[in-house]
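Here's the structure, in structure tokens; my notes come after.
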Amino acid sequence: MSARPSDAPPELPIEALMTFLSVARLGRYTAAGEVLGVNHSTVSRRIAALETAMGGRVLVRTAGGWEVTALGRRAVAVAERIERSLRELVEGEGGDLVHSMVRVSAPDAFTSVFLAPAMTALRAEHPSLSVELLSATQRVRQNRSGVDLEIVVGRPQVLRAFATPVCAYALRLYATPAYLADHGAPESVAELSRHPLVYYVESSLQVDELDRALQELPGSPPSLRSTSVFAHVEGAAAGAGIGLLPDFLGDADPRLVRVLDGAYAHPLAYWAVARDEGPRNPAVAATLDAITTYIASVQSAHTTVDAS
Numbered sequence: 186m187s188a189r190p191s192d193a194p195p196e197l198p199i200e201a202l203m204t205f206l207s208v209a210r211l212g213r214y215t216a217a218g219e220v221l222g223v224n225h226s227t228v229s230r231r232i233a234a235l236e237t238a239m240g241g242r243v244l245v246r247t248a249g250g251w252e253v254t255a256l257g258r259r260a261v262a263v264a265e266r267i268e269r270s271l272r273e274l275v276e277g278e279g280g281d282l283v284h285s286m287v288r289v290s291a292p293d294a295f296t297s298v299f300l301a302p303a304m305t306a307l308r309a310e311h312p313s314l315s316v317e318l319l320s321a322t323q324r325v326r327q328n329r330s331g332v333d334l335e336i337v338v339g340r341p342q343v344l345r346a347f348a349t350p351v352c353a354y355a356l357r358l359y360a361t362p363a364y365l366a367d368h369g370a371p372e373s374v375a376e377l378s379r380h381p382l383v384y385y386v387e388s389s390l391q392v393d394e395l396d397r398a399l400q401e402l403p404g405s406p407p408s409l410r411s412t413s414v415f416a417h418v419e420g421a422a423a424g425a426g427i428g429l430l431p432d433f434l435g436d437a438d439p440r441l442v443r444v445l446d447g448a449y450a451h452p453l454a455y456w457a458v459a460r461d462e463g464p465r466n467p468a469v470a471a472t473l474d475a476i477t478t479y480i481a482s483v484q485s486a487h488t489t490v491d492a493s
């Protein structure tokens with residue numbers, strides 16, 4: 186075998202290129218290593234090999250994690266083409282590009298009602314895809330490292346990210362008929378001050394929009410509070426007071442009825458956020474499409490039932 190001429194460009198390490206693609210999508214060496222089944226030092230070594238071959242930095246560390254440089258964006262485009270070609274080589278032309286793993290962070294209620302069934306349908310269509318769901322009700326992350334897609338409450342203020350609305354809903358007031366019969370139904374928002382409000386622990390609220398909903402209401406007497414939205418539902422259903430609940434949970438629970446319907450509602454929306462490179466990942470794009478498709482089907486079914 187003849188030696189490579191000394192003036193020839195260095196060979197591009199394919200393994201390093203594909204490792205870089207995973208880091209570009211996830212923003213963290215450790216997260217990429219978990220997906221690829223290698224340790225942090227291996228990821229670091231492969232990135233260094235790629236930068237040596239390309240003659241420059243492909244990633245730069247920021248406060249929000251690893252970000253892709255201009256040279257790195259060229260590498261991402263090439264890596265994506267190679268990824269598609271390798272998939273075709275293994276599975277034949279037209280092989281399934283939706284594979285590997287996708288990680289989604291979302292609030293509990295969204296995860297249970299929308300995300301879990303949507304991902305079940307997605308995996309039925311793409312069985313080579315692994316899905317990890319991380320439940321969290323918190324502010325949008327500024328780095329999104331370690332997750333491919335993040336579902337948050339309210340319009341996010343983010344940099345170097347892709348964001349799109351996926352579902353509108355409202356916080357409304359609910360109680361059991363028995364509670365209202367025993368304690369009286371409030372006839373105005375001001376009269377809520379006589380009723381325990383079942384909602385989040387105020388000091389633990391991390392989402393501004395959820396806190397604003399609380400500030401719109403009068404002070405509550407001692408009440409049951411929890412960091413879990415499902416505890417809010419069960420507390421209201423047990424007669425602990427009037428629950429401030431997402432309408433898609435409260436309306437679906439036969440134990441509850443709306444309180445001050447038409448007089449109070451706090452409109453909100455769920456948004457999906459991904460790193461800039463995220464939507465170019467076939468698995469992330471398919472995940473986002475599966476979520477919006479499932480939500481549209483649920484809303485359509487509810488519209489049909491209401492119309493009948």
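If you count the sequence shown from 1, you need to add 185 to reach this note's numbering. Glycine included, every Cβ here is placed at the ideal spot set by N, Cα and C. Computed from a predicted structure; not experimentally measured.
On the DSSP letters alone, give me the boundaries of the beta strand (DSSP E) that residue i sits inside.
i: F451; result: Correcting the residue type first, residue 451 is His in the shown sequence and not Phe. Taken as a continuous stretch (DSSP letters only), the beta strand (DSSP E) holding H451 covers H451 to R460.
i: S290; result: S285 to A291
i: S315; result: L314 to S320
i: P407; result: Looking at the DSSP string, P407 is not in any beta strand (DSSP E), and its letter there is neither H nor E.
i: T247; result: L244 to T247
i: P431; result: I427 to P431
i: G339; result: Counting along the chain, G339 falls outside any beta strand (DSSP E), and DSSP gives it neither H nor E.
Just mark residue i as buried or exposed, buried being the case when its beta carbon has 16 or more other beta carbons within 10 Å.
i: L271; result: exposed
i: I496; result: The structure shown has nothing for residue 496, since the chain only spans 186 to 493.
i: P452; result: exposed
i: H417; result: buried
i: T204; result: buried
i: L235; result: buried
i: T322; result: buried
Quick one, which of the options has its alpha-carbon nearest residue i's?
i: D446; options: R357, A353 and S207; result: R357
i: R210; options: D367, V253 and H487; result: V253
i: S413; options: Q400, P407, G428 and L402; result: G428
i: L365; options: L399, I476, L441 and I267; result: L441
i: E394; options: P431, V383 and V418; result: P431
i: A301; options: T247, I336 and S285; result: I336
i: V458; options: T361, A425, P341 and A234; result: P341
i: R231; options: A425, S207, R246 and P350; result: S207
i: A437; options: V392, A471, Q400 and Q484; result: Q484
i: P407; options: Y359, G426 and F299; result: G426
Out of curiosity, what's the CA-to-CA distance linking residue i and residue j?
i: L202; j: S229; result: 12 Å
i: R329; j: P312; result: Caution is warranted here: a pLDDT of 48 is assigned to R329, below 50, making its placement in the model unreliable, and the coordinate value is therefore given only provisionally. Computed Cα separation, rounded: 26 Å.
i: D333; j: L256; result: 22 Å
i: R308; j: S315; result: 8 Å
i: S405; j: R242; result: 56 Å
i: Q327; j: L473; result: The predicted position of Q327 is uncertain, since its pLDDT is 47 and thus under 50; no value can be drawn from it.
i: P381; j: S285; result: 47 Å
i: P292; j: L409; result: 20 Å
i: H225; j: T215; result: 5 Å
i: H487; j: I267; result: 43 Å
i: P350; j: V287; result: 19 Å
i: P403; j: R379; result: 9 Å
i: G212; j: T361; result: 46 Å
i: E219; j: D367; result: 55 Å
Round the Cβ separation of residue i and residue j to the nearest angstrom and send it over; I've been treating them as touching at under 8 Å.
i: A475; j: A306; result: 6 Å
i: F347; j: Y455; result: About 15 Å; that fails the 8 Å criterion.
i: A370; j: V444; result: 7 Å
i: L319; j: S290; result: 4 Å
From which residue to which residue does the alpha helix (DSSP H) around residue i run?
i: L202; result: I199 to L211
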